[in-house]
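Numbering (mature numbering (1 follows the signal peptide of the UniProt record, and there is no 0)), first residue to last: -18 to -1, 1 to 802.
Have a look at the structure below, then the notes.
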């Protein structure tokens, strides 16, 4: 026993010293020198289904537990027959320029039909709380004894969190991880002296919970509200057991699991819900059985804490690294890199620290790996992690930017298989989307539609308030992601699978777009530009959102139709439908530049209610779309630049993240870097404790409150500064900030199916390796500052001086390129 504990503490000591090392390891960990004071300082752990966030407390450790499918509410019918009946009148009012009157009519008619006090939509909810109360030897007074070497940290490469400290002459250490192979949450507690580990671990939840004991297992069961009286809601179970070496243990509903006079222990928790959906691995009504079965391997007589450590932890780390280690990024180091993470963020407001962008990029990849997996659900507005029964904005999937931003860094970061949850979610939405199309747009509506939000219950109707809820291009935007996945993988079988989804979305718009009277353009109507509003001429008082043919809709439909046409030709099908789409494409409005030089957001150059509005939706064609670029459409790119300057660099957390990507696409690395600094502005006011936009101490993005899309958008922005491939060629270092003078990355992916390694020095690319993941022809643009490239292919060296040059590669073939 002493030997085992000593080994654990030796490992802790080595890891603590590693945290002090001024090496690249600093950009693969978060660390702190005191317990978390707020939830947004705790450390997120997850395996794509289960999550937990420990705070590292000394007297009490508070750990918030999550399960990604735990939702209140139920699947429901929101049909409103009055909606389609009012549609002709709404459109006629828009044709006459009476947007305000059209909006008023929509407020009364074009809304989902709900029950009184309707809770069927539901909300993502916290699973529960685990509180571990510790007691120490009677001779120790924690209030008067100094804590030596307190450290808590999260190793991003291993997906393991730690707390370690010394209280008088006793070393204490805790490990936390959510096993990827065993699908349970594990907490390992070790004390340096025999008999000095004493604790009680209790499960609780603010509502809808009952704690019981079954044998040596502590259980917490409950059922959430369905939103409809008389119908059961989602059920859940949490089960916890103790495996110990030494000491005396007991378990009761009141006190939880207790250990006295121990030295080493494992708390093992499983959880499951009654959620069941096509394309997922959730157990449905077998949730209790599955939850209980997950614990059995850990309590079999042949097992021990040592076996648990070596099998579960080792296997978990291996599984996590198989995803995390696909990509690496190194940026210039500074002494600030070794600071605790909260201090590092504060110092970043005062001086340059390029490597913090590497940490943020790595953290974004870590959060993606931790918050979704094949067979699970996509990351929601908070990824996987929530700390309340009423999550902000229901913790749902907003389809006017947020769920999309959650997937922006995924492909370039080599995490392609994590697209499966989004793909299956979209497939499940289609029956509901077809019903919403007919209900709200009439019998002539074809295909399927998704408005600006959805949930695990397949909600596709408009939002309850048309000013923001009438945007109906959510499905079109998500279809762009399905196409992106094909572009990166070149998987024809996948393309066959998703083609009906793409075509169904296009069919909706080709059956519901109308011809506006002024120019004869084909437009969406009614709709809105996400969450933004304007004044109609002659009325500078009443904000109006409802319109026809906003710029973002035109851009999304242009891409959707173009992608469907390309997919149909690749699959050699639907020639007649392709011809119709090609005709319709020519009838769309052009993107328009206002007389003041900015890109118009609406069909008419309306005056915005808020010039600095957080949504910049009409720049979708710049990013993440591919309709505007400095090379192919310089006038439109300049109009985007003027739009961004006009909007300003402030905004909510995710809005700042999006602007990083905009400026990267415009090739302005320094402005993108300025926006990154804005994104990482400390979200917690040190004087008042209030929360604003920016970044929390645990690097969670603040809207406010916490919203994870900013993390993913910011990570994507770092990638866009270093590598772009959206215009049909590979562009190395397209927007390199001046302070990122030297560095390298490994394993980043590009469209067409290749992996890129790159080294740069003095702001110029020096060496690249292109590895084909599929056979193909790749066009490489000559990087800025290079005059020629030497390419080694098949033992021969070729020299290129052209602005761009081709690489014809077989699957698995790699070429090395030196830039001179």
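Don't be surprised by glycine CBs; every beta carbon is placed ideally from N, CA and C.
Bounding residues of the alpha helix (DSSP H) (the contiguous stretch that carries residue i)
i	result
residue 550	533 to 553
residue 170	Run containing residue 170: none in the alpha helix (DSSP H); it sits in the beta strand (DSSP E), 167 to 173.
residue 461	456 to 471
residue 474	474 to 494
residue 423	402 to 423
residue 324	323 to 330
residue 387	384 to 387
residue 616	616 to 629
residue 764	Segment: none, residue 764 is in no alpha helix (DSSP H) and carries neither H nor E.
residue 448	448 to 451
residue 521	Note, residue 521: premise wrong, no alpha helix (DSSP H); not H, not E.
residue 562	557 to 567
residue 346	337 to 353
Beta-carbon proximity check, residue i vs residue j, cutoff 7 Å
i	j	result
residue 192	residue 222	no
residue 158	residue 169	yes
residue 186	residue 237	no
residue 422	residue 66	yes
residue 340	residue 313	yes
residue 487	residue 457	yes
residue 171	residue 247	yes
residue 74	residue 528	no
residue 698	residue 459	no
residue 704	residue 747	no
residue 329	residue 318	yes
residue 195	residue 110	no
residue 355	residue 30	yes
residue 338	residue 397	no
6 Å Cβ shell around residue i - same chain, five flanking residues per side excluded
i	result
residue 536	570, 571
residue 479	none
residue 798	751, 774
residue 790	759
residue 800	749, 772
residue 77	499
residue 782	771
Chain-order list of residues whose beta-carbon lies under 8 Å from that of residue i (same chain, five-residue window excluded)
i	result
residue 796	751, 752, 753, 754
residue 784	764
residue 566	492, 495, 504, 543
residue 13	1, 133, 134, 135, 136, 322, 323
residue 56	102, 104, 208, 209, 210, 213, 215, 439
Reference residue i; option with closest CA among the options
i	options	result
residue 209	101, 590, 526	101
residue 268	293, 249, 316, 217	217
residue 582	511, 612, 636, 614	511
residue 554	769, 459, 481, 588	481
residue 601	625, 587, 579, 445	625
residue 631	606, 475, 598	598
residue 241	229, 252, 294, 720	229
residue 673	214, 403, 21, 10	21
residue 43	303, 184, 81, 564	184
residue 94	400, 540, 433, 609	433
residue 541	508, 609, 593	609
residue 617	576, 701, 559, 641	576
Contact set for residue i: own chain, Cβ-Cβ below 7 Å, skip 5 residues either direction
i	result
residue 198	223, 233
residue 51	255, 257, 264, 359, 438
residue 173	152, 154, 179, 245
residue 5	The predicted position of residue 5 is uncertain, since its pLDDT is 47 and thus under 50; no value can be drawn from it.
residue 68	87, 91, 92
residue 688	22, 364, 678, 682
residue 634	596, 675, 685
Where the beta strand (DSSP E) containing residue i begins and where it ends
i	result
residue 788	786 to 791
residue 718	No beta strand (DSSP E) holds residue 718; DSSP gives it neither H nor E.
residue 203	199 to 207
residue 695	No beta strand (DSSP E) holds residue 695; the alpha helix (DSSP H) holding it covers 691 to 704.
residue 771	771 to 775
residue 43	42 to 49
residue 36	32 to 36
residue 833	No information on residue 833 is available, as it lies outside the stretch -18 to 802 that the chain covers here.
Test: residue i CB closer than 7 Å to a CB of chain C
i	result
residue 400	In the structure shown, chain C does not exist; there is a single protein chain.
**Entirely enclosed alpha helix (DSSP H) segments - the stretch 235 to 285, minimum 4 residues** = You should have 269 to 275, 278 to 281.
**Request:** Output the residue ranges of the alpha helix (DSSP H) runs that lie fully inside the stretch 640 to 696 and measure 4 residues or longer, sorted by chain position.
**Result:** 651 to 661
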